[in-house]
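Novice: My structure is below; once you've seen it, I'll send some questions.
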Amino acid sequence: MCNRLLCCVVLLLLRVGLKDAAVTQFPRHRILETEKEFTLQCSQKMNHYAMYWYRQDPGFGLRLIYYSTGPDSFKKGDVPEGYHVSRDELEHFPLTLKSASPNQTSVYFCASAESTAWHGCFLSAQKEGQTEVLKIPDPN
């Protein structure tokens, strides 16, 4: 009973999430041959300057690959090796796997935000399955 209810809730949330999605990733699923180049597309229509690419591997939380603060402006994250990004337009932030390898097998996430100002002020922490936000005092 509990599992059926959970499945129904998850399916409903997925349906709502897909309908109201403001950030779009394409393709949703892909199997590649090793050493092939491949590009994941990410787009948003909210005029957000900040865009991010993350990967999530089994046993790890989200790890930042690259982020962008606007067109032609991007920086490396925690795990940029083997990837390339570009951002010619405000709406698009593609991520290219230069030469696909087994260690790049992962779940990839693209995100956007109005700005990156919050990065210096807040950290996120995990506590027994809940996400908490910890405020860091501004030194200025």
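Read in order, the letters of the sequence shown are residues -21 to -1, 1 to 119 in mature numbering (1 follows the signal peptide of the UniProt record, and there is no 0). Glycine included, C-beta positions come from ideal geometry on N, C-alpha and C. Quick caveat: nothing in here was measured; it's all calculated off a predicted structure.
Can you say whether glutamate 111 is buried or exposed, counting buried as having 16 or more other CB atoms within 10 angstroms of its CB?
Specialist: A caution first: glutamate 111 carries a pLDDT of 40, below 50, which makes its placement in the model unreliable, though a value can still be read off. Classification for glutamate 111: exposed.
Novice: Return the Cβ separation of leucine 74 and tyrosine 62 in integer angstroms, given the expectation that the two are a contact with Cβ distance under 8 Å.
Specialist: 6 Å
Novice: With which residues is histidine 71 paired in a DSSP beta bridge?
Specialist: Ser22
Novice: Give the straight-line distance between the Cα atoms of alanine 90 and alanine 29, rounded to the nearest whole angstrom.
Specialist: 8 Å
Novice: Rounded to the nearest angstrom, how far is the Cβ of glutamine 4 from that of leucine 19, given a contact under 8 Å?
Specialist: Glutamine 4 to leucine 19, Cβ: 7 Å. Contact.
Novice: Could you say which of Phe17, Leu76, Ser52 and Val86 lies nearest to serine 94 if we only look at CA atoms?
Specialist: Ser52
Novice: For phenylalanine 5, is the beta carbon positioned less than 7 Å from some heavy atom of the ligand HEM?
Specialist: The ligand content of the structure shown is nil, which means the ligand HEM is not present either.
Novice: Using the Cβ count rule (16 or more neighbours within 10 Å means buried), how would you classify glycine 38?
Specialist: exposed
Novice: Identify whether glycine 49 lies in helix, strand or coil by the three-state DSSP scheme.
Specialist: strand
Novice: Give me the Cα-Cα distance between cysteine 21 and serine 78, rounded to the nearest whole angstrom.
Specialist: 19 Å
Novice: Would glutamate 16 and leucine 76 be called neighbours here (beta carbons separated by less than 8 Å)?
Specialist: yes
Novice: Threonine 3 lies in the beta strand (DSSP E); which residues open and close that run?
Specialist: Annotation for threonine 3: the continuous beta strand (DSSP E) segment containing it runs 2 to 5.
Novice: Measuring alpha carbon to alpha carbon, tell me which residue in Asn82, His71, Asp67 and Gly56 is nearest glutamate 12.
Specialist: Asn82
Novice: Given a cut-off of 8 Å, decide if serine 47 and valine 64 are closer than it, judged by their beta-carbon atoms.
Specialist: yes
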